[in-house]
Structures are given as structure tokens and as C-alpha cells.
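Peer 1:
Residue numbers (the UniProt record's numbering): 1 to 219.
Pasting the structure below:
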């Protein structure tokens, strides 16, 4: 679905499938965020086709973290000039979780072209800001798009919820601090890795406040 000019969301509504939301930034650079499970990529492929695009049209794939439901489909882009980026700490997690990914002898198929680090990221003249937001995983990142005040949070924070901390590398106190950092950004849109997105600065801020009030005590 087209969310606004230059942004598409391929949102997943089946919790049974456990796939993630995938987002396409379509501008001077085409950036795909969190391509999802390999076996469920058709959902994204259909969305790209409806936007008039194929895999070879994507300049950069970013994964917010290394869990399979966000990462696996990166393998489909290896025969294209598409670049792939992930945080270095979660690349280490990929190598540690090879068996979990079903890639003990195939970890290199997930190898990034470069690592995401805290700070500005420029892609074909487009400007983003990478925020290292560990807690759900050691190398979880959130991506902020200043031009549209859009925040892509992966599995750090959702609409009325937050990410798990019981998976490898998870940490509740660290996640709380990451969410507090994100709450300071001037965001008018929040696009999480699962569930619905939020529009409107007041609604985004209210969501941060509700999550802190109702969920911080459980992690």
C-alpha cells in the first residue's frame, strides 16, 4: 500500500505467519527496510510489482535487526547490484545463530556490504539518521527519515507494545533506554516491524508514553 508519496508499506496482518512489516522508500534511492522471511517473500514481491518494481530496482536493503523474520529474504538480492546493510553487532549475531537461520554452511549469503553505525546515512542524495537501539537484539537499529519526520523502529517499539527481550542478546533495561531515546525525536510517523503504524506527532508521542507507563514494568 502507498502510505504517502515516496513510501510504501507491505504490512503483514497474519500473526500465525510471524512475518514482519516491510517498507519501501521510493525516491532518488530505493531503500527496502526488513525484507522478511524467505518463504513469505511473495507478499513483498507482489507489493513491489504493484509499484512497478522488481528486485533489481532496489538500491539498498536495510534490516533493523538480525532475526530471521526480518532478514532471511536478503538472500534473494545477492544476484543483483543491491547493497545490504546491518549493524555489526547483529552481523555477529547472525554468525552465532547460523543453525537457527538454517544457514550453518551458508552464512555468507547474509553477508552485508557495509555496517550501519549511529549517525547520518546518505544514499543517492537522500538523508537518513541511524539510531542504534539495542535491547531487542544487540545491534537493533531504528531509521529516522528527517524529510518526512518518519521513524522506522523495527521490533524496538510497536503500536501499544515493545519488543521481546528473551531472545539471544535481548536486555530489558537496554530496551527501555533505547525507547526513551527514540521518544526524543521529532517524529510524525512511526513505522514498527509488526502491527499498525502511527501517524501524527501527538499520537506518536502518546504511544511512547503509554508504552513506558504500561510495559516498562514487565521487562
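Where a beta carbon is used, it is the ideal one built from N, C-alpha and C, also for glycine. All figures in this text were calculated on a predicted structure; none of them were measured in a lab.
1) Taking 8 Å as the limit between beta carbons, can you name the residues of its chain near residue 161, skipping five residues before and five after?
2) Pull the bridge partners of residue 199 from the DSSP assignment, please.
3) If you follow the beta strand (DSSP E) that residue 153 is in, where does it begin and where does it stop?
4) For residue 103, I'd like the list of residues in its chain whose CB is within less than 6 Å of its CB, leaving aside the five on either flank, ordered along the chain.
5) Ignoring anything shorter than 3 residues, give me the beta strand (DSSP E) runs that lie fully in the region 16-77, in order along the chain.
6) Tell me which residues share the same chain as residue 135 and place their Cβ nearer than 6 Å to its Cβ, disregarding the 5 neighbours each side in the sequence.
7) What number of angstroms, rounded off, separates the C-alpha of residue 13 from the C-alpha of residue 40?
8) Between which two residues does the alpha helix (DSSP H) containing residue 91 stretch?
9) Who are the Cβ neighbours of residue 120 in its own chain at under 8 Å, not counting the five residues just before and after it?
10) Between 80, 73, 197, which lies nearest to residue 188 when the distance is taken from Cα to Cα?
11) Please go through the same chain and pick out, in chain order, the residues whose beta-carbon is closer than 6 Å to the beta-carbon of residue 51, but skip the five residues on each side of it.
12) Under the DSSP definition of a beta bridge, which residues are partnered with residue 8?
13) Would the region 30-50 count as touching the region 87-94 if we require 3 or more Cβ pairs under 8 Å?
14) Can you give the Cα-Cα distance for residue 10 and residue 218, rounded to whole angstroms?
15) With DSSP as the reference, label residue 80 as helix, strand or coil.
Peer 2: The short version:
1) 195, 211, 215
2) 189
3) 150-154
4) Residue placement at residue 103 is flagged as unreliable, the pLDDT there being 49, under the threshold of 50; the coordinate-derived value follows with that caveat. Once the five neighbours on either side are set aside, residue 103 has no close Cβ partner at all.
5) 22-26, 30-33, 60-62
6) 171, 174, 175, 178
7) 12 Å
8) 88-96
9) 127, 128, 129, 130
10) 197
11) 8
12) 2, 24
13) no
14) 30 Å
15) coil
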